[in-house]
Amino acid sequence: MSLKPLVQKLVESVVDNPKAIKVEEEDDRGAAVFHVECDPDDVGRVIGKNGRVVNCIRQVVSAAGAKAKIRTYVKIDSD
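First residue of the sequence shown: 2, per the working numbering; consecutive thereafter.
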């Protein structure tokens, strides 16, 4: 079960330019690591004030991963 569409949908709901979102899934020792790239103007929106938005995204993905017995990590790649 891939959680990539869930991560994609969650990030798209926050940004102004959803077409610029790119999510890549990587397997790291049994854990799913999601690297999220977005428009430089939207990085602040994805991270949120004090990291609140990205922490909420991580919690939702982690809960879905726990149901599927997969450890998950969401990383925001910014330039």
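Just so it is clear, CB atoms sit at the ideal spot from N, CA and C, and this is done for glycine as well.
Counting only the Cα atoms, lysine 23 lies some 17 angstroms from threonine 73.
With respect to the C-alpha of valine 62, the residue from Val16, Asp28, Phe35 and Ser14 having the closest C-alpha is Phe35. Between glycine 31 and glycine 66, the alpha-carbon positions lie close to 12 angstroms from each other. The beta-carbon distance between glutamate 26 and serine 3, rounded to whole angstroms, is 7 angstroms. This is short enough to meet the 8 angstroms contact definition. Short of 6 angstroms from the beta carbon of serine 79, and not among the five residues preceding or following it, lie these beta carbons of its own chain, in chain order: Val44.
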